[in-house]
Amino acid sequence: MSEKQVPYRYEATTPLSEVVARFSRLEAGEESGEDVRVAGRIMLLRVQGKLAFATLRDWSGKLQLFCLAAVTEDFEELTRANLGDWIGAEGEVVRTKRGELSVKVARWSLLARALGGFGDKWRGIHDPEVRLRQREVDLWANEGVRERFLLRSRVVACLRSLLAERGFVEVETPVLHAIPGGGLARPFVTHYNSMHADFYLRIALELYLKRCVIGGFERVYEIGRVFRNEGIGPKYNPEFTMLEAYQAYGDYLDMAELQEHLVAGAAKAVTGGTRLSFEERELDLTPPWRKATMTEVIAEVTGAEVSLEMGLAELRRAAARLGVELKERFDAGQVMSEIYEKTTEPNLWGPVHVMDYPESVSPLTRKHRSKPGYVERITPVAAGRELGECYSELVDPVDQRARFAAQAAEREAGDEEAMVTDDDFLRALERGMPPTGGIGLGVDRLVMLLADVHHIREVLLFPALRPEPVQSEDGGRFEGETKPS
RNA sequence: GCGCCUCUAGCUCAAUUUGGCAGAGCAACGGACUCUUAAUCCGCAGGUUCUGGGUUCGAGUCCCAGGGGGCGCACCA
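In structure tokens:
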């Protein structure tokens, strides 16, 4: 087969799905009289003496190649192709006697050799080790994988276009932060040689985007990767994609409306409607979504009365009755939030906007306009999971300074995830930030919901994995881990 | 990080329940075949049973340690 030269390009091929669509009405045994050029991978090959059938697959779909010794150039070679070989083929579109639409191959080119196939041709590859470490194999070997990533791409494109329709401008802000801010999480640390200083991979987009608002971007957003130094799990990957958007002159209710507009719009874009099936239950994402306070939803799910007004001691008793474990240092807000997260959120099917969070768990959020101790924060919940966050943003530099101080105290008390005071950000706030609403949306989780999958790695092309053990005998230089000394 | 489970041919899986010659289908390789659809038929090969140690006359199987993976828990979105 080596006598076949691999060309540098292959002229104007037609996507297989297009061929299928265009000739759908061809009758069994009929010849169209039209030639096409197609390209893809040979996934199956059925050789039958002087004729052969191959199943060709490309990004768009699949189609049969019908090869005859009398018609097809280099027929013998074609029958010796490997499963997985990329080939380009040219010939007339026909439907076989048995009714299978095919290209009757006249000429063909080998485009790439595949050494090693794509697993069991019926069952594919199940080994998660291969599926995740060699995703390029998984994409061919297993049904539905490609479609899921196509869906992800459509979701992201849809979010961008919905935001653009409303006048939002997309920006890109730094990933390397001198101070990790905008969220509560432990960061990854890295080192900047020429500055002789440690830097952090961002844990949120928030602070820079707010500075964009202060700088006059009235509607601004970023879709970007953030990094949190925590374990891997069905819903967790150390790097994930966040959408954050900020809208000057808006409050958290405006942002809740935007949030459901985006989620419902994405659902419509990929499933055709706003009612979908998740974990074999129906989920109706049609706006507007119900709104309820945290106190109300806790009462609905647990029957217990829980609010900041009861005071810390009473809240702790309520937590004990509900079997929620608490840390010593928790204040009233943290206790309430913990009760909600442990007992209520997982049981909310929704979608529902859970509103009015305690202030102490929301250090960047504006105080509630009428309820002391609370902030204007909404978490949209669907299928027992948070889809994102909506805020009336804290714009008062004096209050913000006080919140940072409170976080510093938390940190002193041993909370490694508490925020660090960011003076650059405070200085920016002092220049004046208009009333602003903000949202955060976990893109990976949204895709999980829309694709009805239950593990984040099914929506990440290359999920985080432990580095592969080094096997090279020449002592590879790029081992992930430091050699034991 | 802690607990439970798991690792057998390139792939998907077997191997009589405290142990007795490591097997099948697909893929690969050789052959037959002019309408196949996971083509079929004949033939031929294919193994450090994750690694290292131990128990035993004998270990894929039992024990210990290590590694990878999975699932829970914890932290977080």
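Each number in this note's numbering corresponds to the 1-based position in the first sequence with 2 added. In this text, a Cβ means the ideal position worked out from N, Cα and C, and glycines have one as well. Bear in mind the structure is a predicted one, so any value in this text is a computation, not a measurement.
Within the segment 64-126, the runs of beta strand (DSSP E) that reach at least 3 residues and sit entirely inside it are, in chain order, 64-70, 88-97 and 103-114. For R168, the secondary structure class from DSSP, reduced to helix, strand or coil, is coil.
With a contact defined as Cβ atoms closer than 8 angstroms, L103 and F25 qualify at about 6 angstroms. 8 angstroms or more divides the Cβ of L67 from the Cβ of L53. Contact between the segment 108-122 and the segment 83-94 is present: three or more C-beta pairs spanning the two stretches fall below 8 angstroms. Of the candidates V337, E145 and D358, V337 places its Cα closest to the Cα of G325.
Cβ contact annotation for R150 (same chain, cutoff 6 angstroms, sequence separation greater than five): A453, in chain order.
With a beta-carbon spacing of about 19 angstroms, R331 and Y359 fall beyond the 8 angstroms limit used to define contacts.
Counting other Cβ atoms within 10 Å of its Cβ, F464 stays below 16 and is therefore classed as exposed. For the pair I458 and Y251, the CB atoms are not nearer than the 8 angstroms cut-off. Following the DSSP letters along the chain, one finds I44 inside the beta strand (DSSP E) bounded by residues E33 to Q50. Distance between P236 and Y10, taken at the CA atoms: about 43 angstroms. Taken through DSSP and simplified to helix, strand or coil, L310 comes out as helix. Taken through DSSP and simplified to helix, strand or coil, K329 comes out as coil. Taken in chain order, the whole alpha helix (DSSP H) runs of length 4 or more contained in the segment 313-382 are 314-323 and 334-341. Between the segment 415-431 and the segment 178-188, the count of Cβ pairs shorter than 8 angstroms is three or higher; the stretches touch. The C-alpha of T381 is placed about 6 angstroms away from the C-alpha of E388.
Counting along the chain, F427 sits inside the alpha helix (DSSP H) bounded by residues D425 to E432. Inclusion of V449 and R154 in the CB contact set at 8 angstroms is warranted, their separation being smaller than that value. For V228, the beta-bridge partners assigned by DSSP are F242. Ranking P436, V445, L366 and G440 by CA distance to the CA of A407 puts L366 first. Approximately 33 angstroms separates the beta-carbon atoms of S163 and Y12; this is outside 8 angstroms, ruling out the contact. Distance from I441 to A247 at the Cβ level is roughly 5 angstroms; contact confirmed, criterion being Cβ atoms closer than 8 angstroms.
A straight line joining the alpha-carbon of L203 with that of E224 spans about 16 angstroms. Taking C-beta atoms under 8 angstroms as the contact rule, L207 and M244 qualify, at a distance of about 6 angstroms.
For K293, the uninterrupted beta strand (DSSP E) run begins and ends at R292 to T295, by DSSP.
With respect to the 8 angstroms criterion, S62 and S19 are classified as neighbours on the basis of their beta carbons. With contacts defined by Cβ atoms closer than 8 angstroms, G386 and W351 form a contacting pair. For the pair R230 and P240, the CB atoms are nearer than the 8 angstroms cut-off. Excluding five sequence positions before and after V173, the CB atoms of its chain that fall closer than 8 angstroms to its own CB belong to L211, C214, F219, V222, Y223 and E224, given in chain order.
Between the alpha carbons of P399 and T16 lies a gap of roughly 59 angstroms.
Contact between the segment 261-269 and the segment 286-298 is present, with at least three C-beta pairs closer than 8 angstroms.
Straight-line spacing of the CA atoms in A315 and V171 works out to 47 angstroms. Assignment of beta-bridge partners to F55 by DSSP yields R48 and F68. By the CB criterion at 8 angstroms, V38 and V22 fall outside the cutoff.
With a threshold of 16 other beta carbon atoms within 10 Å, V191 falls short and is exposed.
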